[in-house]
Amino acid sequence: MQIVVHRPEKPEEMRELQARAAAVYARLVFLYLERLPCPLEQKLLLLDRLEYALKEKKQNQTEPADED
């Protein structure tokens, strides 16, 4: 089987694709958390920790590297 993928050519089309992909990913995370066999409070804690970890990762990616 062959799959052909056409990437958006315009920057605004690429942003739209990224936004749609992010929405799908967020929905999958929500569904995964929803199905975990644990109390709601624990699920919310996991979600908070995930949000914190993602913010840390983003911050580390945007900080300039130290040059010696």
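If you count the sequence shown from 1, position 60 lands on 157 in our numbering, and the numbers rise without skipping.
C-beta: ideal position from N, C-alpha, C; glycine also.
Treat the numbers as computed from the prediction; the structure is a model and nothing was measured.
Continuous alpha helix (DSSP H) stretch holding residue i: start and end
i, result
"Met111", "Pro108 to Arg132"
"Gln139", "Leu137 to Thr159"
Residue i vs residue j beta-carbon contact at 8 Å
i, j, result
"Leu130", "Leu143", "yes"
"Leu151", "Lys140", "no"
Inter-residue spacing [alpha-carbon to alpha-carbon] between residue i and residue j
i, j, result
"Met111", "Arg104", "8 Å"
"Asp145", "Lys107", "34 Å"
"Tyr149", "Thr159", "16 Å"
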